[in-house]
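Numbering (the working numbering), first residue to last: 11 to 560.
No residue lacks a Cβ here, since even glycine has one placed at the ideal position from N, Cα and C.
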């Protein structure tokens with residue numbers, strides 16, 4: 011079970027997280043504003059989200075709950091007081107959307123945790139659904155059971171044989187979108203058709219990479235997309251809402267857009283504004299030495315939730331604490347959480363310049379008030395992706411203006427702007443942890459990454475190390491072919507303390523801080539002359555170092 015916390019109350023999030031961790035339940039993150047919840051939940055593959063009406067943002071809380079239920083994420087809802095009419099009405103509408111886990115004020119942490127572990131039923135919700143909302147749901151065409159309280163179970167009967175069903179959605183005669191799946195049982199009854207395989211006019215989608223390879227020999231010139239974690243109903247629901255269909259688990263993805271002309275005529279086409287690079291392009295896309303940006307360092311992992319942003323922020327802070335002028339860039343823009351992770355939202359406020367608004371601005375970056383660290387956050391608009399050429403220009407401009415540029419990358423290597431950033435980097439921090447999910451995903455995608463950047467320009471960082479895991483760090487090193495690696499232990503207590511005190515782990519006297527300083531001291535040692543030249547002016551590293559949490 012993967013739990014995302016979004017109560018809007020920091021202390022409550024920490025208390026819930028502590029109790030869940032004690033029970034060995036994975037907490038994949040915390041979200042601090044409504045607009046970022048859906049993207050973060052999907053990016054982290056969350057099964058359950060705890061959300062309250064206290065969470066700040068402009069999006070209506072009920073609209074957010076509907077969106078979460080549409081992608082089969084179970085919601086534990088904290089609406090407020092039971093004698094508050096607004097809270098009751100909101101809860102009635104939530105129940106109509108299959109939210110049966112409701113915790114009223116005064117909230118007890120054990121009650122929340124119990125509901126996370128034991129999904130509620132309609133009878134246990136303790137409140138009748140709003141009839142108007144219920145009728146609206148029925149009118150929209152979603153059948154009873156399409157929205158369910160419990161998270162879907164893993165399908166143990168799926169195989170790697172090519173057994174397909176054709177799927178035609180809102181076809182326009184001249185250009186239909188035809189979907190194929192090797193798991194027809196995951197298709198809703200509403201969309202099922204007879205088994206069939208032939209040439210597709212627009213797109214072919216498979217739910218695992220093995221079948222996609224078989225399909226290339228069977229179907230004439232298909233566009234093969236691999237979607238490992240999304241079920242077909244989830245893909246359909248997202249695409250019909252006009253949301254980009256993305257899956258980062260394998261680093262292979264596409265984007266579809268909903269085209270509407272008239273009241274009934276709808277179809278889906280490829281979004282031409284998105285640049286997806288093919289395997290052939292990746293294989294011949296390694297940069298020459300002349301094209302590299304010598305002071306560009308990036309953090310990358312084919313997996314998610316392994317700590318890319320954590321390493322990027324701490325690397326930038328370590329450099330800046332030594333007086334080295336550092337630019338920190340958020341290219342993991344479907345989350346856009348780097349601005350908060352650096353505490354710039356508290357220290358500076360809202361960003362004036364982002365990756366997406368760069369061309370419309372003068373290029374000025376917000377500076378940390380105490381250090382020569384300049385932060386360029388990602389876009390706040392999740393349906394727009396930057397072009398590769400724009401990212402190339404941004405990185406080159408920042409490299410001219412700063413001593414070092416640190417960029418935090420997205421997991422999806424076939425996004426052209428991610429491939430370009432890897433291509434231009436002098437050094438790549440390749441992140442992994444010791445989980446089976448991360449090891450499998452990294453094993454599958456590393457070969458593609460090595461077609462973009464040579465292994466000698468990569469350094470392996472194994473993060474979140476703790477006792478009694480399936481693998482040892484040396485196992486990861488041997489699997490991926492890196493004789494040397496940096497090891498960073500997991501210390502949830504320290505990280506939570508740093509978040510609460512607005513500190514940076516790299517500047518603490520702790521095992522985590524020591525391991526980070528050792529890693530950066532080795533990988534960023536070429537910038538020592540800059541530090542030495544500024545040492546008489548800046549002594550911030552010593553001043554910034556703090557004692558570990560008790």
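Residue 33 sits in coil when the DSSP states are folded into three classes, being neither helix nor strand.
When C-beta atoms of the stretch 396-406 are compared with those of the stretch 350-360, fewer than three pairs fall below 8 angstroms, so the two segments do not count as touching. The residue from 78, 324, 463 with its alpha-carbon nearest to that of residue 512 is 324. Residue nearest to residue 463 within the set 430, 492, 444, 340 is 430 (criterion: CA-CA distance).
In this structure, residue 54 and residue 69 do not form a Cβ contact; the two beta carbons are roughly 18 angstroms apart against a cut-off of 8 angstroms. Secondary structure in the stretch 94-120: the alpha helix (DSSP H) runs of 4 residues or longer, each lying completely within the stretch, are 95-106 in chain order.
9 angstroms or more divides the Cβ of residue 516 from the Cβ of residue 307. Here residue 526 is buried. Its C-beta has 16 or more other C-beta atoms within 10 Å.
In this structure, the beta-carbon distance from residue 309 to residue 417 falls below 9 angstroms. In terms of Cβ geometry, residue 72 and residue 104 form a close pair [threshold 9 angstroms].
In the structure shown, residue 39 falls within a strand segment according to DSSP collapsed to helix, strand and coil.
Of the candidates 303, 27, 101, 303 places its Cα closest to the Cα of residue 407. Residue 514 sits in coil when the DSSP states are folded into three classes, being neither helix nor strand. DSSP places residue 486 in no beta strand (DSSP E) but in the uninterrupted alpha helix (DSSP H) bounded by 483-490. Residues of the same chain with a CB within less than 8 angstroms of the CB of residue 137, apart from the 5 flanking positions on each side, are 98, 101, 102, 105, 112 in chain order. It is roughly 27 angstroms from the alpha-carbon of residue 388 to the alpha-carbon of residue 457. In the three-state DSSP reduction, residue 363 falls in the coil class, being neither helix nor strand. Linking residue 522 to residue 498 through their CA atoms gives a straight-line distance of about 6 angstroms. The closest CA to that of residue 47, considering only 78, 508, 479, is found on 78. A distance below 8 angstroms between beta-carbons, with the five flanking residues on each side excluded, links residue 405 to the following residues of its chain, in chain order: 303, 306, 339, 415, 417, 431, 434. Rounded to the nearest angstrom, the gap between the Cα atoms of residue 29 and residue 315 is 20 angstroms. In the three-state DSSP reduction, residue 135 falls in the helix class (H, G or I). The criterion of a C-beta distance shorter than 9 angstroms is not satisfied by residue 119 and residue 35.
In the structure shown, residue 48 adopts helical secondary structure according to DSSP, grouped into three states. About 5 angstroms separates the beta carbon of residue 383 from that of residue 336, a gap short enough to meet the 8 angstroms contact definition.
In the structure shown, residue 451 adopts helical secondary structure according to DSSP, grouped into three states. Under a 10 Å Cβ-count criterion, residue 342 is classified as buried, with 16 or more other Cβ atoms of the shown protein chains found around its own Cβ. Residue pairing of residue 336 in beta bridges, as defined by DSSP: 383, 414. Taking a contact as a CB-CB distance under 8 angstroms, the pair residue 41 and residue 19 does not count as one, their CB atoms being some 12 angstroms apart. Apart from sequence neighbours up to five positions away, the residues of its chain that approach residue 51 with a beta-carbon distance below 7 angstroms are 14, 59, 78, 83, ordered along the chain. In this structure, residue 502 sits near residue 27, with a CB-CB distance shorter than 9 angstroms.
For residue 324, the uninterrupted alpha helix (DSSP H) run begins and ends at 318-331, by DSSP. The residue among 86, 447, 442, 380 with its C-alpha nearest the C-alpha of residue 124 is 86. Approximately 7 angstroms separates the beta-carbon atoms of residue 311 and residue 452; this is inside 8 angstroms, confirming the contact.
In the three-state reduction of the DSSP assignment, residue 343 falls in the coil class. Excluding its 5 nearest sequence neighbours in each direction, residue 506 has C-beta neighbours in its own chain below 7 angstroms: 24, listed in chain order.
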